[in-house]
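So the structure is just underneath, and the comments pick up after that.
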Amino acid sequence: MVSRELPNSQSEIDNKELEQQFLDKITEEIKIEPKDWMPDGYRKTLIRQIAQHAHSEIIGMQPEGNWITRAPTLERKIGLLAKVQDECGHGMYLYCAAETLGITREELLNRLHEGRMKYSNIFNYPTLTWADIGAIGWLVDGAAIVNQISLCRTSYGPYARAMVRICKEESFHQRQGYAMMFTLAKGTANQVAMAQDALNRWWWPSLMMFGPHDSESSHSSQSMAWKVKRQSNDELRQRFIDITVPQADHLELTIPDPKLNWNEARGHYDFGAIDWDEFWAAVNGPGLCGDKRMKTRVNAHENGQWVREAAWAYARKRSGGHRTA
Amino acid sequence: MKAESGQWPLWEVFVRSKQGLTHQHIGSLYAADAPMALGNARDLYTRRQEGVSIWVVPSGEITASSPEDQGPFFEPANDKVYRHPTFYPVPDGIENL
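Protein sequences, first through last, are from chains L and P.
The first sequence stops at residue 324 when you use numbering that gives the first Met the number 0, and every number in between is there.
The second sequence stops at residue 96 when you use numbering that gives the first Met the number 0, and every number in between is there.
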């Protein structure tokens, strides 16, 4: 429960003390837990970030779910089913983490369904071929892993713990995707072409998952000060590129960036400029599959209402008939 | 369309990974009743053979010690180092003590 600011010098002193205690915990790497005092801004930014993360997991089930019925083998099908199931689970862990900050599931879903809360725009891109599923597992989950490993050290306890659990499950996603890309890349000319095409379409959006450049990121400096964010967008993006380029080389596929080049002096890959116009168009507008994603999500929720109501009615009836302790 | 008011209660999930170990708190979930909570817990938290036993408890039934009072609440143990075996010297050469 956050204490309200009353026009009273004692409560201002108390608030300052509480804020200092909060900042001391941050400095000493002591996790902030749900019942701890925290600044309003900290609470709000975490609700926004954790919930957007949760929404992304749920929406992300759609582009991948798209290929479950058309997976080329039973092994690929059950693997993809398991992955999509995991994403749902990740959404569940994250909603629970967000709710510890004093917001309901109902409110979070309302905000998503009414467009008042966002999700990662990478999931607005269509999955045009089977190779897209491989590219997503390899690149999108790969980028998510880089981000999520960093977030395992985030200052808010429930979020950090959710990240640890998610990271354990996520690495199968990336390996599954890379295995698919490998099979295609070593296959027929058509398969190689399909894999290359998927890489061409998913590379830049994956880089954009890390968000705007540090210099243009409005949320970043406060997030870093509160240790919500532990590494900058550019730092994480660079790490992702550095670890992924050798993986692409092994596939003998070409990353669609002619400026990509190992820089010995920096100890990192140099890379080309990101087209931010495309990023903002995807984030701000209903382009690509944004409308479809939202419609599908809202329909799924509405169509399931009778099930939720029936379950509740049945539970009430049963507890009315037989008293439980 | 608005999500209907959250009627389902929140449950805390505890999982024991093997016979003879303790149940660990693993997370929470919403369910209409206890059997549903158990099934949902199995689907959500044991996809990778994490457990052989699950407990689900309505969150409201849990009484927790208060974080603010953490210092004073646990204070009695702070100056009782003699509860640890390492406090007691064992003469050289003595075994099985």
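All C-beta atoms in this analysis are idealised placements derived from N, C-alpha and C, irrespective of residue type, glycine included.
Asked                                                                                                               : Found
Supposed close pair residue 88 of chain L, residue 20 of chain P - CB separation, criterion 8 Å                     : Actually they are not in contact, since the Cβ atoms of residue 88 of chain L and residue 20 of chain P sit about 23 Å apart, beyond 8 Å.
Minimum Cβ-Cβ distance from residue 316 of chain L to chain P less than 8 Å                                         : no
Identified DSSP bridge partners for residue 267 of chain L                                                          : L/262
Residue 128 of chain L versus L/272, L/251, L/201, residue with shortest Cα-Cα distance                             : L/201
Bounding residues of the alpha helix (DSSP H) (the contiguous stretch that carries residue 23 of chain P)           : That residue, residue 23 of chain P, is in no alpha helix (DSSP H); its beta strand (DSSP E) goes 23-29.
Rounded Cβ spacing between residue 197 of chain L and residue 107 of chain L (contact assumed at less than 8 Å)     : 32 Å between Cβ atoms; not a contact.
Whether residue 77 of chain L touches residue 296 of chain L by CB criterion (8 Å)                                  : no
Residue from L/92, L/11, L/206 whose Cα sits closest to the Cα of residue 259 of chain L                            : L/206
Which residues DSSP lists as bridging residue 57 of chain P, in chain order                                         : P/10
Residues that residue 15 of chain P bridges to, as DSSP identifies them                                             : P/52
Exposure label - residue 77 of chain P; buried when at least 16 CB within 10 Å                                      : exposed
Short Cβ contact (8 Å threshold) for residue 100 of chain L with residue 184 of chain L                             : no
Under 7 Å from the C-beta of residue 97 of chain P: neighbouring residues of chain L                                : Chain P is shown only over 0 to 96; residue 97 of chain P falls outside these bounds and no answer can be derived.
Residues sharing a beta bridge with residue 155 of chain L, DSSP                                                    : L/31
Chain L contact for residue 20 of chain P (CB, 8 Å cutoff)                                                          : no
Closer than 7 Å at the beta carbon, the chain L residues around residue 68 of chain P                               : The premise fails here: residue 68 of chain P is roughly 11 Å from chain L at the closest Cβ pair, so nothing lies under 7 Å.
Test: residue 15 of chain P CB closer than 8 Å to a CB of chain L                                                   : no
Supposed contact pair residue 267 of chain L and residue 237 of chain L - C-beta distance, whole angstroms, cut 8 Å : 6 Å
Selected residue, minimal CA-CA separation from residue 18 of chain P, among P/51, P/35, P/24, P/11                 : P/51
Proximity test, Cβ basis, 8 Å: residue 15 of chain L and chain P                                                    : no
Whole-angstrom C-beta distance between residue 82 of chain L and residue 173 of chain L, which should lie under 8 Å : About 10 Å separates the two Cβ atoms, so there is no contact after all.
Buried or exposed by the 16-neighbour rule on C-beta atoms within 10 Å, applied to residue 83 of chain P            : exposed
C-alpha gap between residue 164 of chain L and residue 141 of chain L, whole angstroms                              : 16 Å
Contact with chain L by residue 78 of chain P, beta-carbon distance below 8 Å                                       : no
For residue 67 of chain P and residue 15 of chain L, the rounded distance between their alpha carbons               : 17 Å
Within 8 Å, strictly: CB atoms of residue 27 of chain P and residue 95 of chain L                                   : yes
Chain-ordered neighbours of residue 30 of chain L on chain P, where CB pairs are closer than 8 Å                    : What residue 30 of chain L touches in chain P: nothing, since even the nearest Cβ is about 11 Å away.
Inter-residue spacing [alpha-carbon to alpha-carbon] between residue 32 of chain P and residue 8 of chain P         : 8 Å
Proximal residues of chain P, C-beta to C-beta of residue 35 of chain L below 8 Å                                   : 66
Chain L contact residues for residue 46 of chain P, given Cβ-Cβ distances below 9 Å                                 : 81, 84, 85, 88, 168
When P/70, P/24, P/48, P/46 are compared against residue 58 of chain P, the one with the closest alpha-carbon       : P/24
Helix, strand or coil at residue 94 of chain P according to DSSP, with G and I counted as helix                     : coil
Terminal residues of the alpha helix (DSSP H) in which residue 72 of chain P lies                                   : 69-73
As assigned by DSSP and simplified to three states, the class of residue 288 of chain L                             : coil
Status (buried if at least 16 other CB within 10 Å, exposed otherwise) for residue 20 of chain L                    : exposed
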